[in-house]
Structure formats: C-alpha cells, structure tokens
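Written out below as structure tokens is the structure these notes cover.
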Amino acid sequence: MTPRLDTLRDCLEGVIPGHIVTCDPAGVPNVAFLSQAEYVDNEHLALSYQFFNTTRRNVLAGSPVRLLLTSHLTARQYRLSLQYLRTETAGPLFERMKAKLAGIAAHSGMTGIFRLLGADIYRVLDIVPVPGGCISPPPPAVNCLNALRRSTERLSGCANLECLLEKAVDCLEKEFGFSHLMLLMHDEARGCLFTLASRGYAQSGIGSEIPVGSGLIGICARERSPIRIGFMTSEYAYGRTVRDGLAAEGQLDALETAIPLPGLPNAASQMAIPIVAGDRLLGVIYVESLADLHFDYDEEDALVVFAAQLGLAMQHHQMTDDAPDETPVAERPAMPPEGAPLTVRYFAANDSIFVDDDYLIKGVAGAILWALLNDFTQRGRTTFTNKGLRVDSRIRLPGASDNLEARLVLLQRRLAERNAGIAIGKTGRGRFTLTVERPLTLVES
Amino acid sequence: MLDHDIVAFIQSGVSITLAACAPGRLPSMSRGFACKPVDGEAIGIILPRTQAAEALDNIRLTGRVAVAFTQPTTNRTTQLKGTDARITTFDPADEPLIRKHIEEFVPEVVALGTPEELVHALLSYQPEDLVMVVFTPSSGFDQTPGPKAGQPLPATL
Numbered sequence: 000m001t002p003r004l005d006t007l008r009d010c011l012e013g014v015i016p017g018h019i020v021t022c023d024p025a026g027v028p029n030v031a032f033l034s035q036a037e038y039v040d041n042e043h044l045a046l047s048y049q050f051f052n053t054t055r056r057n058v059l060a061g062s063p064v065r066l067l068l069t070s071h072l073t074a075r076q077y078r079l080s081l082q083y084l085r086t087e088t089a090g091p092l093f094e095r096m097k098a099k100l101a102g103i104a105a106h107s108g109m110t111g112i113f114r115l116l117g118a119d120i121y122r123v124l125d126i127v128p129v130p131g132g133c134i135s136p137p138p139p140a141v142n143c144l145n146a147l148r149r150s151t152e153r154l155s156g157c158a159n160l161e162c163l164l165e166k167a168v169d170c171l172e173k174e175f176g177f178s179h180l181m182l183l184m185h186d187e188a189r190g191c192l193f194t195l196a197s198r199g200y201a202q203s204g205i206g207s208e209i210p211v212g213s214g215l216i217g218i219c220a221r222e223r224s225p226i227r228i229g230f231m232t233s234e235y236a237y238g239r240t241v242r243d244g245l246a247a248e249g250q251l252d253a254l255e256t257a258i259p260l261p262g263l264p265n266a267a268s269q270m271a272i273p274i275v276a277g278d279r280l281l282g283v284i285y286v287e288s289l290a291d292l293h294f295d296y297d298e299e300d301a302l303v304v305f306a307a308q309l310g311l312a313m314q315h316h317q318m319t320d321d322a323p324d325e326t327p328v329a330e331r332p333a334m335p336p337e338g339a340p341l342t343v344r345y346f347a348a349n350d351s352i353f354v355d356d357d358y359l360i361k362g363v364a365g366a367i368l369w370a371l372l373n374d375f376t377q378r379g380r381t382t383f384t385n386k387g388l389r390v391d392s393r394i395r396l397p398g399a400s401d402n403l404e405a406r407l408v409l410l411q412r413r414l415a416e417r418n419a420g421i422a423i424g425k426t427g428r429g430r431f432t433l434t435v436e437r438p439l440t441l442v443e444s
Numbered sequence: 000m001l002d003h004d005i006v007a008f009i010q011s012g013v014s015i016t017l018a019a020c021a022p023g024r025l026p027s028m029s030r031g032f033a034c035k036p037v038d039g040e041a042i043g044i045i046l047p048r049t050q051a052a053e054a055l056d057n058i059r060l061t062g063r064v065a066v067a068f069t070q071p072t073t074n075r076t077t078q079l080k081g082t083d084a085r086i087t088t089f090d091p092a093d094e095p096l097i098r099k100h101i102e103e104f105v106p107e108v109v110a111l112g113t114p115e116e117l118v119h120a121l122l123s124y125q126p127e128d129l130v131m132v133v134f135t136p137s138s139g140f141d142q143t144p145g146p147k148a149g150q151p152l153p154a155t156l
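Which chain is which? The protein sequence lines are A and B, in order.
For what it's worth, numbering that gives the first Met the number 0 labels the leading residue of the first sequence as 0, then goes sequentially.
For what it's worth, numbering that gives the first Met the number 0 labels the leading residue of the second sequence as 0, then goes sequentially.
See below:
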C-alpha cells in the first residue's frame, strides 16, 4: 500500500536533508540536497527554491523529479515521484516556508546563503518506502488528539469571553503542555495585536503590542497562516524583529511600547497560529520553547483546530455580550472609599492613563477607564454595560469590529496586575461593575 | 585526475548519494555506504542492492551516473558525474571501508542533533546485499551552497 504523505511529515522537518534527483535533456542525472520541503496536502508538496541551479534548469526543461526523504525519528526512507506544477513567490505558503527555512539555515550555518526565492509546488505522483534499517520513534511528549478533546470539553463550558480566554490559556498550558505561551487579540482598526494573556514569563506583558506583519506573530496574523520554526534564528527572534519593525515603520509612538513584550530571548522553536472566525482575524496563539524542533506537524494540526473552535466561540460570546441581560443588577450605593487618595492622570493625546505616576494603559482601554472613573467620581456610578460604552462619545470605539469585550478583559487584567485599588468585574452578560477602594483625584493633562 | 583533496574528501565522513536515469529521463537514487579510488582514475561507490535496485537497472541501461558527497557540518558538497558506470561485485575485503565511513559520518550528524542509533540503522547492511558501482569521473562540480555553487571543479578532467 502506498503510504500517505501525511503519515511521513516527520521527514519534512529539515533535520536530515532530502535528496532531489533530476535528469537533463541529454540524459545526465543530477543530485542535489533539499533544504526544505513543506507538506501542502496529501497530493502536493512544496520545495524551497533558493538558487537557480542544475536541478531547477532540469525541472524547467521537463525532467521527472524524484525525492529521497529520510525520517529523523525512525531512519525510514521514502522515494517520491513528483511533477512540477508552479512556483509561488508570496502568500501564506511562501511565508511559512521562508520562516522555517530561516531556522534551518541558522541550524546548518547557512544564514544569509539560504534565501527563499519561491515555493515550488509539486504534485506527488507516487510514494514508495525504501527497504532498510529503522528504529522505533520516541514516544510523543503529548497525545495531541486527546489534548484537543479535553480542551474542547473545557471551552464548551464557558459562559462569557473572559472565562473562554482564561480557559483557553489554561488548556494550552495544562492539556497541551506548552510552557511558554501568549494569547494575542487583533486590533483591527490600529493594525496591531495586543497581548491579553501569557504563561511562563517573568513579566506577563499583558497589554504589550505588535504590529500586524512584524515578526513571526505579526506575519502569522497578516497571512492568516500557521507558522512554525524548529531552530533558533535571529531573523525571527521575537523581541528584535518587533522592535526593528516598529522603528522601521515609524510606529513607535502609535503602539504600546511602555509595556515590555514577553518572550524568550533565545527561543529555538516557535509556533504562531491565527485565530480566525469567518473572514475575520480575531487573534493569534503563540507558543515557544528553548528546545530545537519542539513542535511538530501534529501539534500544529491540533492547535489549528483548537484556534478554529476558539475563534467561533469568541465570536459567539462577543455577540451575546453586546446584548445585555434584561434584568439589570441592582446598583448598590457605593461606600465612600477610604485611605490615601489615588491620583489618576489622563493624557488625551493618546488616551494614556497613569496611576500615581505609574503607567497603566493607553488607547481605547485607557479611554474606557477614564470614562468609567469620571462617571464614578461625578455620579457615583459603578455599573456599566457594553452597549452603553458603544454609544459613549468619549470612547470612540472603531466601529463594529471593535473587540470591545476583549479590551475590557485587557483592562481588567492590567488593573488586577497593578493592584492599585481600582477593579472591574463582570456581573452578567454585557454588564460589569467598577470597584474603587481609595479616594480618587482625577487629573486631565 | 581528481586532486588529493577531493579524493580524501569523498572518502571521509560525508553523506553519499548516487543517481542514475532511465532512458526516458526518470531518475532514481540511493544512499552510498562508502567510496574508494579504483585503478587510479575511477572511483567505486559501495551501496545496497535492495535499496538501489532501480538505479542499478538504469546504470546497466545508460552507464550514466551522478554522485553527490556532502559533509553535514560544513555543507561542503562535491558532485562527480560519469558516463562509463558499471556494476561490480562487492569485495568483502572492502568492508572496513564501510565501518570507517560510518565511524567518521556519525560525529558529523550527531553534532547536528541526530542520534547515533539512528545513523547506524540508516547505514545498516547485509554484506551479501552490497555491490559496487565503478565509474571514471568525467566532470565534477562544487555544489557547496553559496556564490560558487555549481562551478566545475578545477581538478576534474
């Protein structure tokens, strides 16, 4: 029986280079080493095109193509017959391969030499196992399918977005076993992603921002495509690329830079998965590890399914949170706060907020908090609705795709992290309360 | 004539891959397990008959062969081609060449993270399954990735 391509994807990780053989019109054979091959589907494989060499000349002159692939886990070898179809020089597949090739190049000392010119798409005509010695593969670190099943069960029990996002991060850590991870939300209006939750870092980085298109996470968001790298490469080093990207695009002022980005400075393995619902990008899941080749195709598959389910659930909760419960929560008269007064300073230019001179947040979340605190100090108001915020002219939400609920979760977390005596908490669908524990002095600059 | 440097290189701990083409241009390939100079100007590639069956058939039909040698830790790659390839029986006296090749190849790939056990499985063989393909290199190329990739070797005929 011919093996299916999806059962031999471990041969495509770039650890043991594949061999590509071709033949010129005069019948002269040629062997070349294959830096990278990428699984497209069971009938298609993409090979990296880096140089115009004899292989490429032969392929363009109509040579049949054979590959010899070797598993770095079992030593099994497979001989594939391919037919060249086309070359892609942009788009999701190209970007996936470009990122992975950067890792492979760094691992094999070929940084600056291996550069992806195109993704050559081939039809897989035949796969034949080559007889020879092999060993048992090491047991997988995690049973992805079971992790996915358990995560699905846990996500389905959530009643609102806050719970959903908390559970999602928890599943990534406990069910999938990822030690370093981030959940980022898409700010469509500003073309960036903001960190909503993270695990495994000294600083959570909640509220930190990355432009769409910058670094591994930003490219994943722009292309709406999973991207996975198995070896450390400075080209996609998280902090550096983001900083360079920001500086190059002149976005340093517009984006959140006061909150440092979380991330391992020496991550070897990185994987970013877009969270998409319908035609909208909602966010990105990012996981990383100090170990080489820590994530494989199976984990990528599982996270893609997980992200798809999370995306649909997020969309559902964002819609229902906009329709508040009919029965409003009875507003209890707030006890006048006691203790040392807290000075909250607001800068209208970028909606930034400082609490006792310490930076808290800026942008839409800053504008929301400023409106809440003003209502509290002027009218003693402590309960609010999402619907009310949407029509509040002080906040200027960017339309229907405003991700309001996610911004409220962000604000809630930043306040909780700072432990400054101001908190917001959900009280029902589309409703939340403001709690202020110290007397406030509001200063607008 | 191949220069001494190339002759030493192709007999060191390099990965060896042999390719041949059917008359209709369909190529085939196999890993080689060792390499040795033969009669001054030719070289012999020792490989397993079961893995190389199709390539051996093609050699019988065309005599054309291409063999790539790569050092994993440096990516230094040399490709030699010939038109007079023939299949000879494996001389058991050459078995130490295979053992030496594996011994030198193991540290090359272990350095890149491949377990030693896997290399031994990949290059495991039955002596009765081995054959040797002998050819005279008529052209040679430096295929080390980089600006000089594809240039003919100055040392080849």
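Where is the CB? At the ideal position from N, CA and C, for every residue including glycine.
In this text the structure is predicted, and so the values were computed from the model without any measurement.
ask   = Helix, strand or coil: which one does DSSP assign to serine 268(A)?
value = In the structure shown, serine 268(A) sits in a strand (DSSP, three-state: E or B).
query = Do alanine 65(B) and proline 28(A) come within 7 Å of each other at the CB atom, strictly closer than that value?
reply = Yes, Cβ-Cβ distance for proline 28(A) and alanine 65(B) is below 7 Å.
inquiry  = Quick check: the Cα distance between asparagine 142(A) and leucine 164(A), rounded to an integer number of angstroms?
reply    = Rounded to whole angstroms, the gap between the alpha carbons of asparagine 142(A) and leucine 164(A) is 22 Å.
task = Pull up the distance between the alpha-carbon of phenylalanine 93(A) and that of aspartate 40(A), whole angstroms please.
result = For phenylalanine 93(A) and aspartate 40(A), the distance between alpha carbons rounds to 15 Å.
query = Taking just the CA atoms, how far does glycine 111(A) sit from threonine 232(A)?
reply = Whole-angstrom Cα-Cα distance: 11 Å.
query = Which residue spans inside the segment 22-108 of chain A form an unbroken beta strand (DSSP E) run of at least 3?
reply = When DSSP assignments are scanned along the segment 22-108 of chain A, the uninterrupted stretches of beta strand (DSSP E) that are 3 or more residues long and fall wholly within it turn out to be 28-33, 36-40, 43-48, 64-69 and 76-87.
task = Report all residues from its chain with a CB closer than 7 Å to the CB of phenylalanine 221(A); omit the five preceding and five following residues, and keep chain order.
result = In the sequence as displayed, the identity of residue 221(A) is arginine instead of phenylalanine. Only residues of its own chain outside the window of five on either side were considered, and among them Val211 and Gly212 have a CB closer than 7 Å to the CB of arginine 221(A), listed in chain order.
key: alanine 347(A) - DSSP class collapsed to helix/strand/coil   = It is coil, neither helix nor strand.
query = Short check: CB of glutamate 103(B) to CB of glycine 31(B), under 7 Å?
reply = Contact check for glutamate 103(B) against glycine 31(B) fails: the beta carbons are separated by 7 Å or more.
request  = Taking the CB atoms as reference points, tell me whether glycine 282(A) and methionine 184(A) lie closer together than 7 Å.
outcome  = For the pair glycine 282(A) and methionine 184(A), the CB atoms are nearer than the 7 Å cut-off.
query = Count the other CB atoms within 10 Å of the CB of histidine 3(B); is the residue buried (16 or more) or exposed (fewer)?
reply = Histidine 3(B) sits exposed, since fewer than 16 C-beta atoms from the chains shown fall within 10 Å of its C-beta.
inquiry  = What residue range does the alpha helix (DSSP H) around threonine 376(A) cover?
reply    = 363-378 is the span of the alpha helix (DSSP H), which, as asked, contains threonine 376(A).
inquiry  = Between the alpha carbons of leucine 302(A) and arginine 378(A), how many angstroms are there, rounded?
reply    = Distance from the CA atom of leucine 302(A) to the CA atom of arginine 378(A), rounded to whole angstroms, is 47 Å.
request  = Taking only beta-carbon positions, decide if arginine 239(A) is within less than 7 Å of chain B.
outcome  = For arginine 239(A), the predicted structure reports a pLDDT of 49, less than 50, and the residue's modelled location is therefore unreliable. The matter cannot be settled from this model.
ask   = Which residues of chain A have a Cβ atom closer than 9 Å to the Cβ of valine 132(B), listed in chain order?
value = Result: empty, since nearest Cβ-Cβ is about 12 Å, beyond 9 Å.
task = Find the nearest neighbour of aspartate 90(B) within the set Val6(B), Lys35(B), Pro151(B) and Gly149(B), judged by alpha-carbon distance.
result = Here the closest residue by C-alpha is Lys35(B).
request  = Note down the Cα distance separating aspartate 5(A) from arginine 223(A), rounded to an integer number of angstroms.
outcome  = So the alpha carbons of these two residues sit roughly 22 Å apart.
ask   = DSSP three-state call for histidine 293(A): helix, strand or coil?
value = Three-state result, histidine 293(A): coil.
task = Identify, in the order they occur along the chain, each residue of the same chain with its Cβ nearer than 8 Å to the Cβ of arginine 239(A), setting aside the five sequence neighbours on each side.
result = With a pLDDT of only 49 at arginine 239(A), under 50, the local geometry of the prediction cannot be trusted, and the value read off the model is given with reservation. Result list for arginine 239(A): Ser233, in chain order.
key: 7 Å Cβ cutoff, arginine 65(A) in contact with chain B   = Yes, contact with chain B.
inquiry  = On the criterion of 16 or more Cβ atoms from any shown chain inside 10 Å, does serine 107(A) qualify as buried, or is it exposed?
reply    = By the neighbour-count rule (16 or more Cβ atoms within 10 Å), serine 107(A) is buried.
ask   = When the cut-off is 7 Å and only beta carbons count, does leucine 156(B) lie next to chain A?
value = Legend: pLDDT at leucine 156(B) = 42, less than 50; position of this residue unreliable, no value from coordinates given.
ask   = So with Cβ pairs under 7 Å, would you call proline 26(B) a contact of chain A?
value = Answer yes: the Cβ-Cβ gap between proline 26(B) and chain A drops below 7 Å somewhere.
key: For alanine 18(B) and valine 30(A), believed in contact at Cβ under 8 Å, the rounded distance   = Contact between valine 30(A) and alanine 18(B) holds: their C-beta atoms lie close to 4 Å from each other, under 8 Å.
query = Comparing the C-beta of asparagine 52(A) with each C-beta of chain B, is any distance below 7 Å?
reply = Chain B, which has a Cβ nearer than 7 Å to the Cβ of asparagine 52(A), makes this yes.
message = Helix, strand or coil, according to DSSP, for leucine 260(A) in the structure here?
response = The answer is coil: DSSP assigns leucine 260(A) none of H, G, I, E or B.
query = Since tyrosine 358(A) sits in a beta bridge, which residues does DSSP pair it with?
reply = Paired residue(s): Phe353(A).
query = When the Cα of tyrosine 38(A) is compared with those of Gly176(A), Lys173(A), Phe50(A) and Glu299(A), which residue comes out closest?
reply = When only C-alpha atoms are compared, the closest one is Glu299(A).
task = Keeping to the same chain, check which residues put their C-beta closer than 7 Å to that of threonine 151(A); ignore five residues upstream and five downstream.
result = Taken in chain order, the residues that qualify are Gln308.
task = Name, going along the chain, the residues of the segment 94-125 of chain B whose beta-carbon falls closer than 9 Å to a beta-carbon of chain A.
result = For the segment 94-125 of chain B, which is checked against every Cβ of chain A, the residues closer than 9 Å are Val108, Leu111, Gly112, Thr113, Pro114, Glu116, Leu117, Val118, His119, Ala120, Leu121, Leu122, Ser123 and Tyr124.
ask   = In the structure shown, what three-state DSSP assignment does glutamine 125(B) receive?
value = Here glutamine 125(B) sits in coil by DSSP.
Contacts around proline 259(A), its chain only, beta-carbon distance under 8 Å, and the 5 residues preceding and following it disregarded = Leaving aside the five residues that flank proline 259(A) on each side, the residues in its chain whose CB is nearer than 8 Å to its CB run, in chain order, Gln202, Gly204 and Ser207.
query = Mind checking glutamate 12(A): buried by the 16 CB within 10 Å criterion, or exposed?
reply = So glutamate 12(A) counts as buried.
inquiry  = Three or more C-beta pairs under 8 Å: does that hold for the segment 83-100 of chain B against the segment 133-143 of chain B?
reply    = Yes, they touch.
query = Touch check for the segment 282-296 of chain A and the segment 165-181 of chain A: three-plus C-beta pairs under 8 Å?
reply = Contact between the segment 282-296 of chain A and the segment 165-181 of chain A is present, because at least three Cβ pairs lie under 8 Å.
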